[in-house]
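Single-structure report; data block below.
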Amino acid sequence: MRKLGLLIDSDSQYFGTKSIADYFLGAGWQVDYIVPDLAAFPMALISDLKANYSVVRANLDQFCFSEGLDSYSAVGCYSSGSQIRRFQRNISFVQEQTGGRPYIFSGYNGVVYEKYEEGIYWRCGFDSICVNGQRDVDLFTAILAGSVARDQRMIPLGLNKPVRDGNDDVKRKNVVFAEQVIVPGTIGERKRLFEALGNFARANESWEIVIRPRVPAGSKTFHDHILHPEKFRGWPKNVRFSHEPLPDLMREAQALLSVSSTAYFDAIATGITPLCIMDFGVDASHGTHYFVGCGTEFALRHCESIEALLEKNVCTQWLSRTGFNLNGYSLLQTDIETWTPRPLPPAFPEEILNTTRRGRIAARQAPNEIMLVCKAETLLGRKEYEACKKIIEKNENIFKKDAAASFLAVECYEAAGDLIAAAEWLKHTKSIKPKWKKVRRKSVSLKKKEIQKFWSRLKS
Numbered sequence: 183m184r185k186l187g188l189l190i191d192s193d194s195q196y197f198g199t200k201s202i203a204d205y206f207l208g209a210g211w212q213v214d215y216i217v218p219d220l221a222a223f224p225m226a227l228i229s230d231l232k233a234n235y236s237v238v239r240a241n242l243d244q245f246c247f248s249e250g251l252d253s254y255s256a257v258g259c260y261s262s263g264s265q266i267r268r269f270q271r272n273i274s275f276v277q278e279q280t281g282g283r284p285y286i287f288s289g290y291n292g293v294v295y296e297k298y299e300e301g302i303y304w305r306c307g308f309d310s311i312c313v314n315g316q317r318d319v320d321l322f323t324a325i326l327a328g329s330v331a332r333d334q335r336m337i338p339l340g341l342n343k344p345v346r347d348g349n350d351d352v353k354r355k356n357v358v359f360a361e362q363v364i365v366p367g368t369i370g371e372r373k374r375l376f377e378a379l380g381n382f383a384r385a386n387e388s389w390e391i392v393i394r395p396r397v398p399a400g401s402k403t404f405h406d407h408i409l410h411p412e413k414f415r416g417w418p419k420n421v422r423f424s425h426e427p428l429p430d431l432m433r434e435a436q437a438l439l440s441v442s443s444t445a446y447f448d449a450i451a452t453g454i455t456p457l458c459i460m461d462f463g464v465d466a467s468h469g470t471h472y473f474v475g476c477g478t479e480f481a482l483r484h485c486e487s488i489e490a491l492l493e494k495n496v497c498t499q500w501l502s503r504t505g506f507n508l509n510g511y512s513l514l515q516t517d518i519e520t521w522t523p524r525p526l527p528p529a530f531p532e533e534i535l536n537t538t539r540r541g542r543i544a545a546r547q548a549p550n551e552i553m554l555v556c557k558a559e560t561l562l563g564r565k566e567y568e569a570c571k572k573i574i575e576k577n578e579n580i581f582k583k584d585a586a587a588s589f590l591a592v593e594c595y596e597a598a599g600d601l602i603a604a605a606e607w608l609k610h611t612k613s614i615k616p617k618w619k620k621v622r623r624k625s626v627s628l629k630k631k632e633i634q635k636f637w638s639r640l641k642s
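Okay, so the sequence shown: first residue is 183 according to my numbering, each after it adds one.
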């Protein structure tokens, strides 16, 4: 049986890859989700993930240098740009060392409407990049024309949603608002949006407005909530909150309201009217520019009657360009099954990608260094302390320049009972001042309590 691996580290990436996973499961493949930290996902998503797919607990580096990598026919990497590039570099190194590798691809989580130039540069160098439709193909082809990545393969998968006839749905006199965590992203803009939505509800008091928050208040998601709708004061009586699955809510609703959510396309597939909120105008950071010409744009502040809004229709030409229900998964499957091992396509030089900007860490360690640290981590997990110590001692300079690797040495020597060496490594770990806060958060600060406890134990 062929195996497909999907590397993700956020809930949005799970939603963005679920249709790929379902297609390959239906084609008889085994599908594994490779996840670094399940605690970073909402509980409902974890339950869905475990119920439907195999789950491998590993971070990107651990997976790339694991013994099981060669069991995969293909691996899709869906993460932030720098981590996508890090994966590409790791796989290229694996091929140099072993002569083999799986087919690798990347893509996007839903609609591509922001930072698409930067995003495509990070993704070049994969066997293929999965995009939504012809709009994306034309856009990215123009961007890459004349560059080292001008021949980068792109596969239009489509914005695919299971279409329902809805004839048996019991419709209530309500509409659903699909909240987005960072659209808009400032507290002032979010207050404006919620105030406008409240006024819209008051103008349509015979209708129920159901607000579906992206996640419950206090729950984790990829982005921090600036102002959760449940914490906003002043909602009228005909507004209620629901954490039921959005598809279930849409089956009872007559319309969906959103600023730029991919749920717009789910609404079309469900057979209800998708309405695009344009109170913030055409703004790429909000994604509203993507929906210009869709045919169902409106402004909450005008307080139109819902009955009038239900008369709006989606423009078929606009919808076709987006790739709605293109169902291009067979193209990806064929590409994988006819592929033979070869060097990866050209990627942009990392100095062009500027990997040190805004905390990006893709180029912090060379792949051979990452491989050594992963090997030591594996040995530590197996309690093979002496073998782990040998790797650390032989490659001391590598372990000393990275905070996470240095702390791994602390853990190894402590477990081996060599507290003097552990104390020296701990002292060094605490002296490392990473240039990027992101590294510090991922390594030292997460271990802060452990460090303090261990330091106290050593002192005593």
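We put the CB at the ideal spot given by N, CA and C, even for glycine.
In the three-state scheme derived from DSSP, where H, G and I count as helix and E and B as strand, Cys556 is classed as helix. In the same chain as Ala437, and ignoring 5 residues on each side of it, the C-beta atoms closer than 8 Å to its own belong to Val357, Val358, Ala449, Ile454, Thr455, Pro456, Leu457, Ile488, Leu491, Leu492, in chain order. In chain order, Leu186, Gly187, Leu188, Leu189, Thr199, Ile202, Ile286, Phe287, Ser288, Gly289, Cys312 place their CB closer than 8 Å to the CB of Gly258, counting only its own chain and leaving out the 5 sequence neighbours on each side. The DSSP-derived three-state label of Ile364 is coil. Under the three-state reduction of DSSP, Pro218 is assigned to coil, being neither helix nor strand. Sorting Ile518, Ala435, Ile302 by C-alpha distance to the C-alpha of Ser329 places Ile302 at the top. Each residue's CA atom was taken as its position, placing Arg394 and Phe462 some 20 Å apart.
The stretch 479 to 516 contains, as complete alpha helix (DSSP H) runs of 4+ residues, the segments 488 to 491, 498 to 504 (chain order). Residue environment: Ile337 is assigned as buried (16 or more neighbouring CB atoms within 10 Å of its CB, all protein chains considered). Distance from the Cα of Asp214 is smallest, within the candidate group Phe223, Ala226, Ala256, Met225, for Ala256.
One thing to note: Ala558 has its Cβ within 7 Å of the Cβ of Cys570. Here DSSP, grouped into helix, strand and coil, assigns Asn241 to coil.
For Ser261, same chain residues with a beta-carbon under 6 Å away, outside a window of 5 residues either side, are Asp191 in chain order.
The beta carbon of Asp517 is closer than 7 Å to those of Ser310, Ile337 in its chain, skipping five residues each way along the sequence.
Taking Trp389 as the centre and dropping the five residues before and after it, the same chain places the C-beta of Lys355, Asn356, Val357, Ala383, Asn420, Ile488 closer than 8 Å to its C-beta, in chain order.
The count of Cβ pairs closer than 8 Å, one atom from the stretch 368 to 385 and one from the stretch 409 to 419, reaches three, so the stretches are in contact. DSSP lists Phe506 as the beta-bridge partner residues of Leu341. The continuous stretches of beta strand (DSSP E) do not include Thr452, which lies in the alpha helix (DSSP H) extending over residues 445 to 452. Per DSSP, the unbroken alpha helix (DSSP H) holding Val319 starts and ends at 316 to 326. Counting other Cβ atoms within 10 Å of its Cβ, Val345 stays below 16 and is therefore classed as exposed.
When only Cα atoms are considered, Gln244 and Ala385 end up about 55 Å apart.
The straight-line gap separating the alpha-carbon atoms of Phe530 and Gln499 is approximately 34 Å. DSSP, read as helix, strand or coil, puts Val392 in strand. For Val592, the enclosing alpha helix (DSSP H) stretches over residues 585 to 597. A direct Cα-to-Cα measurement between Gly469 and Gln270 gives close to 28 Å. Between Val397 and Pro218, the CB-CB gap reaches or exceeds 7 Å.
The distance from the Cβ of Asn509 to that of Asn342 is about 6 Å, consistent with a contact at the 8 Å cut-off. Taking C-alpha positions only, Asp252 is separated from Gly281 by approximately 11 Å. In the DSSP assignment, Tyr290 falls outside any alpha helix (DSSP H), carrying neither H nor E. With respect to the C-alpha of Arg335, the residue from Ser274, Arg305, Glu361, Ile364 having the closest C-alpha is Arg305.
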